[in-house]
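Trainee: Residue numbers (UniProt numbering), protein chains in the order written: chain A, 1 to 465; chain B, 1 to 465; chain C, 1 to 465; chain D, 1 to 465.
There are 4 protein chains.
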Amino acid sequence: MTKKPVKIVTIGGGSSYTPELVEGFIKRYDELPVKELWLVDIEEGQEKLEIVGNLAKRMVEKAGLPMKIFLTLDREKALPNADFVTTQFRVGLLDARIKDERIPLSHGLIGQETNGLGGMFKGLRTIPVILDIVKDIKKYCPDAWLINFTNPSGMVTEAVLKYTDHTKVVGLCNVPIGMQMSLALMLDVPPEKLRLQIAGLNHHFFATDVFLEGKSVMPEVLEKYIAFSNEYAIKERMAMMKASRENIGKEGHKAEESLSKTPMLMPFSEAFLRGIQAVPCGYMMYYYHTKEMLEMEVEEYKQGNVRAEVVKRTEAELFELYKDEHLNIKPPQLEKRGGAHYSDAACNLIASIYTDKGDIQYVNCKNNGAVTGIDNNSGVEIAAVITADGPKPMAIGTLPPTIRGTIQNIKAFETLVCEAAVTGDKNIAITALNNNPLVPSDTMAAEIFEEMLEAHKRHLPNFFK
Amino acid sequence: MTKKPVKIVTIGGGSSYTPELVEGFIKRYDELPVKELWLVDIEEGQEKLEIVGNLAKRMVEKAGLPMKIFLTLDREKALPNADFVTTQFRVGLLDARIKDERIPLSHGLIGQETNGLGGMFKGLRTIPVILDIVKDIKKYCPDAWLINFTNPSGMVTEAVLKYTDHTKVVGLCNVPIGMQMSLALMLDVPPEKLRLQIAGLNHHFFATDVFLEGKSVMPEVLEKYIAFSNEYAIKERMAMMKASRENIGKEGHKAEESLSKTPMLMPFSEAFLRGIQAVPCGYMMYYYHTKEMLEMEVEEYKQGNVRAEVVKRTEAELFELYKDEHLNIKPPQLEKRGGAHYSDAACNLIASIYTDKGDIQYVNCKNNGAVTGIDNNSGVEIAAVITADGPKPMAIGTLPPTIRGTIQNIKAFETLVCEAAVTGDKNIAITALNNNPLVPSDTMAAEIFEEMLEAHKRHLPNFFK
Amino acid sequence: MTKKPVKIVTIGGGSSYTPELVEGFIKRYDELPVKELWLVDIEEGQEKLEIVGNLAKRMVEKAGLPMKIFLTLDREKALPNADFVTTQFRVGLLDARIKDERIPLSHGLIGQETNGLGGMFKGLRTIPVILDIVKDIKKYCPDAWLINFTNPSGMVTEAVLKYTDHTKVVGLCNVPIGMQMSLALMLDVPPEKLRLQIAGLNHHFFATDVFLEGKSVMPEVLEKYIAFSNEYAIKERMAMMKASRENIGKEGHKAEESLSKTPMLMPFSEAFLRGIQAVPCGYMMYYYHTKEMLEMEVEEYKQGNVRAEVVKRTEAELFELYKDEHLNIKPPQLEKRGGAHYSDAACNLIASIYTDKGDIQYVNCKNNGAVTGIDNNSGVEIAAVITADGPKPMAIGTLPPTIRGTIQNIKAFETLVCEAAVTGDKNIAITALNNNPLVPSDTMAAEIFEEMLEAHKRHLPNFFK
Amino acid sequence: MTKKPVKIVTIGGGSSYTPELVEGFIKRYDELPVKELWLVDIEEGQEKLEIVGNLAKRMVEKAGLPMKIFLTLDREKALPNADFVTTQFRVGLLDARIKDERIPLSHGLIGQETNGLGGMFKGLRTIPVILDIVKDIKKYCPDAWLINFTNPSGMVTEAVLKYTDHTKVVGLCNVPIGMQMSLALMLDVPPEKLRLQIAGLNHHFFATDVFLEGKSVMPEVLEKYIAFSNEYAIKERMAMMKASRENIGKEGHKAEESLSKTPMLMPFSEAFLRGIQAVPCGYMMYYYHTKEMLEMEVEEYKQGNVRAEVVKRTEAELFELYKDEHLNIKPPQLEKRGGAHYSDAACNLIASIYTDKGDIQYVNCKNNGAVTGIDNNSGVEIAAVITADGPKPMAIGTLPPTIRGTIQNIKAFETLVCEAAVTGDKNIAITALNNNPLVPSDTMAAEIFEEMLEAHKRHLPNFFK
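(1) Name the two residues that bound the continuous beta strand (DSSP E) containing N364 (chain B).
(2) Quick check on V217 (chain D): does DSSP put it in helix, strand or coil?
(3) Report the residues of the segment 339-365 of chain C with a CB closer than 9 Å to any CB of chain D, ordered along the chain.
(4) Suppose only complete runs of 3+ residues qualify. What are the beta strand (DSSP E) ranges in the segment 365-452 of chain A, listed by chain order?
(5) Whole angstroms are fine: how far does the CA of L55 (chain C) sit from the CA of H326 (chain C)?
(6) Output the residue ranges of the alpha helix (DSSP H) runs that lie fully inside the segment 151-178 of chain A and measure 4 residues or longer, sorted by chain position.
(7) Smallest Cα separation from D344 (chain B): which of B:I26, B:K4 and B:P5?
(8) Taking 7 Å as the threshold (beta carbon to beta carbon), is residue 471 (chain A) in contact with chain B?
(9) Listed from N- to C-terminal order along the chain, which residues in the segment 211-238 of chain B have their beta-carbon within a distance smaller than 8 Å of any beta-carbon of chain A?
(10) Along the chain, where does the alpha helix (DSSP H) containing V311 (chain A) start, and where does it finish?
(11) If distances are taken between C-alpha atoms only, which option among D:P332, D:P66 and D:Q277 comes closest to L321 (chain D)?
(12) Please determine, among B:C365, B:F449 and B:N174, the residue with the shortest C-alpha to C-alpha distance to E158 (chain B).
(13) Measuring CB to CB, does L79 (chain C) end up less than 7 Å from Y140 (chain C)?
(14) Going along the chain, which unbroken runs of the beta strand (DSSP E) with 3 or more residues stay wholly within the segment 29-112 of chain A?
(15) By DSSP, does I198 (chain B) sit in helix, in strand, or in coil?
(16) Measure from the alpha carbon of I137 (chain C) to the alpha carbon of each residue in C:P152, C:I103, C:N81 and C:E101, then state which is nearest.
(17) Pick helix, strand or coil for N328 (chain A), following the three-state DSSP scheme.
(18) Return the CA-CA distance between T314 (chain D) and R307 (chain D), expressed in angstroms with no decimal places.
(19) Less than 7 Å between CB atoms is the rule here; does F268 (chain C) satisfy it with respect to chain B?
(20) Applying the 10 Å Cβ sphere with the 16-neighbour rule, what's the burial state of A227 (chain C)?
(21) Return the first residue and the last residue of the beta strand (DSSP E) that T10 (chain B) is part of.
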């Protein structure tokens with residue numbers, strides 16, 4: 001078929017991620033002819049939007065492609081006739097995330113930006129904004145696909161599925177593709193020859209099977225993973241990964257270098273890996289190495305180096321680079337952030353929907369029975385076939401008890417956070433926290449909730465009606 | 001990867017379908033390098049095996065391919081190291097099918113060769129033989145895929161899934177692909193641009209969505225189907241289809257000709273089509289046009305023209321053609337039988353498993369949660385992604401009540417037939433019949449069962465232990 | 001506790017059943033002190049209301065109880081502060097039921113007043129009226145229990161559960177208690193010592209276990225049932241039962257007499273009974289003896305003796321009796337109708353809710369997971385513990401495939417009828433018919449639907465908006 | 001019916017609980033005529049068996065009943081023709097429990113004797129012994145009901161349900177009845193007028209509704225519970241309850257006295273109680289007050305006062321009392337232990353099964369669909385109707401997300417512990433620990449497992465095959 005030109009609207013267009021996205025669209029222009037890319041941001045982000053937007057324009061010009069970049073603070077102007085709306089914004093910016101992490105740590109608890117205390121508040125801030133965007137989508141471009149990268153991506157997707165009638169929504173995350181690359185490195189095979197069977201939720205899944213050219217190599221994966229786990233001390237490994245992620249500073253470079261030679265995986269006990277017969281995603285260290293993780297984070301807290309603080313410094317450096325008027329490609333420093341997978345994941349997804357490609361990708365979408373025991377209308381993170389009608393999850397049936405409990409537990413947490421975000425019900429929010437394995441006390445849950453609520457007051461209007 | 005040569009064993013190799021299969025392998029040689037094709041049959045089928053086998057050899061020779069054809073009556077000699085075992089045999093040959101159809105009709109009931117009285121007896125005769133084959137597969141080639149074309153394909157697949165531990169089994173049928181071609185004709189688009197969402201069981205499914213280049217065109221399909229339904233009288237249409245299917249006689253030719261210009265679909269009332277919002281498979285006419293169907297079949301019964309009788313004559317003609325030593329291609333007459341889809345379906349499936357292609361095909365496989373309400377370990381007919389690890393059904397969630405009841409009903413029937421086949425329990429078999437919508441009386445169920453049991457005694461040893 | 005006086009409102013108070021109900025309340029006065037009984041009817045029923053109402057007053061007077069009987073045509077006057085609202089009306093009276101039975105029979109199909117063609121139309125007429133009554137209940141007595149005896153009782157209950165937020169609803173039927181009495185007769189034990197495990201739907205259930213003083217006697221029940229089945233020819237038995245039910249004419253008397261000595265059960269084949277390991281309810285003869293049933297009903301149709309016609313004559317006789325001013329008890333002739341169980345069932349249910357008795361009764365209520373595979377919010381007919389918080393169904397888990405298919409099939413039919421009744425969607429109504437095993441042709445479904453729709457036009461306003 | 005005399009066999013007959021049980025049988029003699037009570041114990045328990053057995057004999061003699069007490073170390077001699085087998089033993093006696101508690105605390109983790117580290121080891125020790133007992137039951141008294149009081153009662157019941165074909169098993173616990181009494185005290189109503197809807201697992205359930213004379217009083221319960229929670233500091237309350245339970249020492253007496261005037265409930269935050277709309281069972285303090293609980297237990301650990309150590313001293317005091325040859329009633333000191341409910345629960349259950357009473361009790365039994373999302377063949381703790389055919393759980397449908405996650409999580413833990421107990425698979429055991437919210441680190445799970453395995457070696461033969 002001759003290809004209809006594509007219009008994309010990126011909400012949170014001033015994000016430091018945007019150059020990757022632009023590069024992704026440039027690389028795929030033949031397959032996915034993006035004619036208009038609208039970068040939308042809010043007033044507070046205007047300066048960044050312009051820096052990033054100008055870089056984007058230089059990139060497109062250098063590539064010599066007829067792709068137009070539009071910058072605007074007015075969502076309603078951008079949306080009409082959009083084919084895809086991508087969302088990648090932070091309500092309250094990085095300062096909000098700093099609070100998400102520091103306040104819990106000041107009480108001796110892990111913040112965790114997706115499925116923990118911090119993640120809950122990120123959800124409470126983000127979901128109402130997303131639902132507003134969906135209202136506008138229904139009004140201005142009801143056939144558009146909403147591709148969400150904003151964390152907590154699973155909850156955001158679930159909120160759209162449950163609280164709107166816009167079914168064209170997919171949540172995205174780079175953790176599964178990152179695992180695929182790590183396992184490829186571990187097996188010493190090209191990543192594109194691997195395929196994972198993913199079971200669980202955003203930032204809370206297991207690979208329950210690994211296929212090399214379609215054939216299960218799970219036994220081999222497990223043996224290698226066990227050998228790898230036996231080689232590395234947990235805390236040392238944690239420190240390396242932490243330093244590397246979203247970090248272009250010196251320390252990060254060093255970590256990058258040594259990490260790039262080994263899989264980005266966390267060690268687990270041999271017994272546990274043999275017991276679950278699966279590969280836990282990296283975020284599982286919060287739940288299965290809670291004690292060690294907390295010790296490390298408390299250290300960072302004391303040094304003013306919690307993740308959000310590091311990221312904030314990194315972002316500032318990046319924007320300095322972006323300002324350089326001679327820069328007309330994605331700066332190589334960004335590449336080191338590991339965001340490459342993210343960009344690839346996002347552009348791949350859009351291209352596959354656009355071309356009805358039918359390849360298998362890892363997404364957040366409606367469960368629809370694929371995982372027995374999770375409500376059909378809830379969201380899951382899963383391997384799905386990507387078609388022009390959206391992702392079609394491949395059924396994986398009943399979860400074994402080895403991984404079922406924790407997935408059900410976090411699913412309940414997510415469900416309650418979505419409800420609290422929409423209703424502004426404090427009781428539900430505190431109950432959500434009590435359901436979270438990282439919160440060891442009802443009393444503390446209630447206390448910290450009040451403190452964080454106050455701290456984020458401006459971005460939580462539903463709780464102050 | 002360099003391709004490992006493929007060994008295929010075809011049980012029931014003397015079937016008239018074999019030349020199509022051979023042609024399919026020849027056409028796909030580059031993708032699927034079949035080096036050995038073993039055609040296995042039983043003593044009673046030796047003559048046919050030789051006729052067909054010799055034609056197969058001439059076909060391969062003409063194609064100039066290094067594919068070796070082996071003919072044998074000894075399964076145990078054929079199986080070692082097989083990559084794929086295909087099954088396409090009739091226990092009791094066509095004479096058994098003639099009884100399956102004529103005995104019920106002599107009592108004023110439809111025989112129906114898959115999900116009716118006749119189908120039950122076909123299942124009772126076939127399942128124990130398949131389970132024996134699986135025992136040999138476990139012994140001689142435990143990694144081989146069992147690709148079953150033998151009807152009732154759904155029950156046979158379910159029996160292997162439930163009563164053996166060989167998980168590498170796929171059941172195949174040409175009805176979904178036939179529907180895809182008919183709808184393509186109706187929409188005037190190339191069939192390969194369409195994709196169906198299939199919900200249900202073998203010979204008992206609905207297309208609950210139809211995608212053109214990945215986008216749902218269900219509303220258009222329904223309108224065209226309704227217009228088509230309004231144009232044709234049911235009985236006339238039935239007669240045409242019946243004459244055409246598996247028929248190369250004169251009458252068939254004429255029907256073919258006129259049918260080839262219109263979709264192979266059955267008319268239904270506008271209200272029903274709007275009510276179900278789905279396309280019923282052709283076999284649904286047995287359940288939704290029972291009365292008309294019965295009237296037609298009674299007529300055929302009186303004329304000695306029940307389907308099996310027609311097919312038997314057709315087969316005889318075909319074998320006359322096959323004997324011709326100058327024939328070294330699949331005879332064009334066979335093409336008219338519509339079997340082309342069948343062969344394509346079978347070879348496509350094998351090729352996609354072999355190459356881990358990841359395309360979407362319609363197969364009978366383990367439900368695994370894909371259809372809510374059907375047991376996870378039961379079989380369904382469904383659109384699945386075909387990988388080297390077998391078919392992965394795409395989850396379709398809850399069936400709407402418009403189609404749920406009949407699917408659950410036939411699923412119960414199938415489950416009971418499998419149980420009766422394995423145990424030889426007459427009570428379960430008669431209960432299965434009582435669950436079948438084509439059997440209107442417990443008394444008759446019990447009576448006809450006894451008569452058919454006696455008629456098929458030789459092939460039902462489990463009932464005479 | 002001292003008992004709060006009870007107010008009961010009976011919608012359709014002019015029904016011939018009312019004297020039984022009144023007798024039930026009189027008998028239970030100590031346990032259930034009914035102080036006010038409001039009999040409500042419509043204008044067309046005023047004459048009957050007065051006849052029945054006066055009889056009721058004489059009965060109460062004779063009993064010497066302070067129970068006040070009120071007669072009114074104004075529902076809104078009756079409802080305030082009611083504790084229980086019972087519904088036992090016929091929209092369109094018996095003439096409508098005559099059409100429900102005669103029109104299908106004129107096309108050679110069974111009408112069946114609950115789960116067949118006739119039953120669907122009864123549902124379409126009744127459900128909107130019930131939903132209106134529920135609106136008034138919400139307004140005038142939101143804490144009242146709605147006890148529905150109006151057929152099709154299962155669908156009516158489901159409609160209230162799904163299309164209103166009034167959760168205090170129970171559907172009632174006398175078939176399970178009738179089966180309990182028949183099995184008691186068969187086992188020669190007092191009925192109150194038996195308890196059934198009921199699985200299924202209104203008029204479409206099986207007893208999957210039978211307990212004598214709490215211990216399963218299913219093996220003995222099956223052997224006796226098989227012996228009984230072998231003793232009676234189906235058609236003869238059908239005729240006897242038919243004559244007896246709702247019949248106080250001479251023929252009925254004779255049938256009564258001979259039937260009263262044998263269980264009111266229908267014969268089934270030994271194989272089927274052994275296969276299902278359960279006792280089918282009487283209405284199952286429509287589905288498992290369809291052919292024989294149809295033959296009998298066609299005969300009745302020709303003679304102007306379809307059930308509704310017989311009942312109409314019976315009712316006329318009854319009202320003649322009721323008019324007798326000397327009559328101050330429930331006339332013994334009514335006793336012979338078998339309605340005694342009905343009245344007992346209704347009064348027992350009300351008394352058990354009122355006193356939080358905690359006994360086990362057979363009711364139609366929300367499934368709530370009790371039967372796996374039926375939606376949690378759908379209705380089922382089941383053994384439940386009766387408390388002041390309503391019936392609590394005892395979980396029976398997964399239905400075996402021997403009975404699962406037909407129950408799922410009729411559940412789908414019921415669900416569609418409810419939807420059609422509420423929406424007035426013809427397509428859904430015709431699809432419901434196509435799902436019904438008694439309707440053998442889509443063409444006929446569409447045709448007969450139109451004819452019946454026209455015939456019942458006055459009572460189906462939703463279809464003529 | 002005239003009552004068949006009852007034979008009861010109590011495995012672990014030398015337990016300090018036995019006098020309560022004997023008293024229970026004496027009190028209920030009219031209803032439940034126990035003619036033979038066999039107290040069975042192992043060699044190590046012989047002395048206690050004799051002390052308790054002699055007390056039992058004196059009690060029966062004093063009551064003047066024809067109940068025979070038999071003492072034996074030979075199970076095979078006791079079992080033949082038993083009607084009920086009760087199990088109340090501790091594999092490894094209290095010394096094993098001391099290890100279950102002290103070893104985890106030595107690593108800074110809570111031991112928890114049912115659903116924590118200690119509970120897992122109790123399960124691993126107990127389940128194989130129970131399965132052996134079931135083998136003997138199948139051999140000597142296959143119709144006997146197994147009434148299990150041995151903790152972890154939920155896992156033990158599940159193990160029997162899943163790993164044997166003896167379906168006559170009920171697990172018992174006194175926590176639900178204790179909650180009923182506490183709520184009665186809180187509402188100031190007689191306990192027998194209350195009824196709870198229980199959702200969850202043994203020692204891990206919520207009351208999701210509370211009925212007073214059958215009518216829900218949940219809103220009132222919640223308000224009172226919130227007021228109560230606001231009145232008490234958590235840690236103080238914890239200390240009081242702890243001191244009181246299973247303690248007849250001085251400290252305990254004081255705690256008893258003050259506690260007897262207030263409900264035995266733990267305080268929770270108002271937000272949480274409003275969020276869950278349910279009453280958490282006391283053991284939930286381990287999961288929702290983990291931090292505070294741990295602090296208290298560490299203190300006890302240091303003082304040599306972990307629960308098992310206190311209980312051990314208490315038991316020694318009790319046996320001193322039991323030895324007194326003049327004692328011929330249950331000593332009043334025992335009454336103070338709160339065990340009264342336990343005994344009542346056990347005897348009530350046996351009596352209701354024996355008499356087919358049909359009352360509602362709280363038991364551990366097969367889920368059978370009653371709680372949606374828990375496997376049908378898994379165990380749950382639930383309100384069930386007690387019949388001669390055993391407990392029939394009343395369906396409660398879907399759990400709200402507020403309580404679903406933690407129940408699913410502990411259910412997964414229980415399932416894995418059962419599997420590990422039967423197979424002796426260390427990997428599964430360590431995976432179970434990783435699934436437990438009280439274990440914050442995979443590394444610690446693996447380490448502590450090895451230490452406890454070694455400590456309990458003698459009683460874990462399955463792990464040393």
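Just so it is clear, CB atoms sit at the ideal spot from N, CA and C, and this is done for glycine as well.
Mentor: Judging by the given coordinates:
(1) Along the second sequence, one-based indexing puts residue 364 (chain B) at 364. From DSSP, the beta strand (DSSP E) with N364 (chain B) extends over I360 to K366.
(2) For this step, residue 217 (chain D) is matched to residue 217 along the fourth sequence. DSSP places V217 (chain D) in coil when its eight states are reduced to three.
(3) Taking 9 Å as the upper bound on Cβ-Cβ separation, chain D lies near residues I353, T355, D356, K357, G358, D359 and I360 of the segment 339-365 of chain C.
(4) Listed in chain order, they are 379-387 and 390-393.
(5) As a working mapping, residue 326 (chain C) is identified with position 326 in the third sequence. As a working mapping, residue 55 (chain C) is identified with position 55 in the third sequence. Approximately 9 Å, taken between the alpha carbons.
(6) At a cut-off of 4 residues, the continuous stretches assigned as alpha helix (DSSP H) that sit fully inside the segment 151-178 of chain A are 153-163.
(7) For the purposes of this step, residue 344 (chain B) is taken as residue 344 along the second sequence, with counting starting at 1. The candidate whose alpha carbon is nearest that of D344 (chain B) is B:I26.
(8) Coverage of chain A is limited to positions 1 through 465, which leaves residue 471 (chain A) absent and any answer about it impossible.
(9) Cβ contacts with chain A come from F211, E213, G214, K215 and S216.
(10) Position 311 of the first sequence, counted from the start, is the residue given in the question as residue 311 (chain A). For V311 (chain A), the uninterrupted alpha helix (DSSP H) run begins and ends at R307 to K323, by DSSP.
(11) As a first step, residue 321 (chain D) is located in the fourth sequence; it is residue number 321 there, counting from the start. With distances taken between CA atoms, L321 (chain D) lies nearest to D:P332 out of D:P332, D:P66 and D:Q277.
(12) Mapped onto the second sequence, residue 158 (chain B) falls at position 158. Per the Cα distances, B:C365.
(13) By one-based count along the third sequence, residue 79 (chain C) stands at place 79. By one-based count along the third sequence, residue 140 (chain C) stands at place 140. Going by C-beta atoms, L79 (chain C) is nearer than 7 Å to Y140 (chain C).
(14) The segment 29-112 of chain A contains these whole beta strand (DSSP E) runs: 34-40, 68-72 and 84-87.
(15) Position 198 of the second sequence, counting from 1, holds the residue named residue 198 (chain B). Looking at I198 (chain B) - three-state DSSP - the assignment turns out to be strand.
(16) Translated into positions along the third sequence, residue 137 (chain C) becomes position 137. Shortest Cα-Cα distance from I137 (chain C) to any of C:P152, C:I103, C:N81 and C:E101 involves C:N81.
(17) As a position in the first sequence, residue 328 (chain A) is number 328, starting the count at 1. It is coil, neither helix nor strand.
(18) Within the fourth sequence, residue 314 (chain D) is the residue found at index 314, counting from 1. Within the fourth sequence, residue 307 (chain D) is the residue found at index 307, counting from 1. The C-alpha of T314 (chain D) lies about 10 Å from the C-alpha of R307 (chain D).
(19) By 1-based counting over the third sequence, the position of residue 268 (chain C) is 268. Interface criterion met: the Cβ of F268 (chain C) is under 7 Å from a Cβ in chain B.
(20) On the third sequence, position 227 is the one that residue 227 (chain C) refers to. The residue is exposed, with fewer than 16 neighbouring Cβ atoms inside 10 Å.
(21) Here the question's residue 10 (chain B) lines up with position 10 in the second sequence. First-last of the beta strand (DSSP E) with T10 (chain B): V6 to I11.
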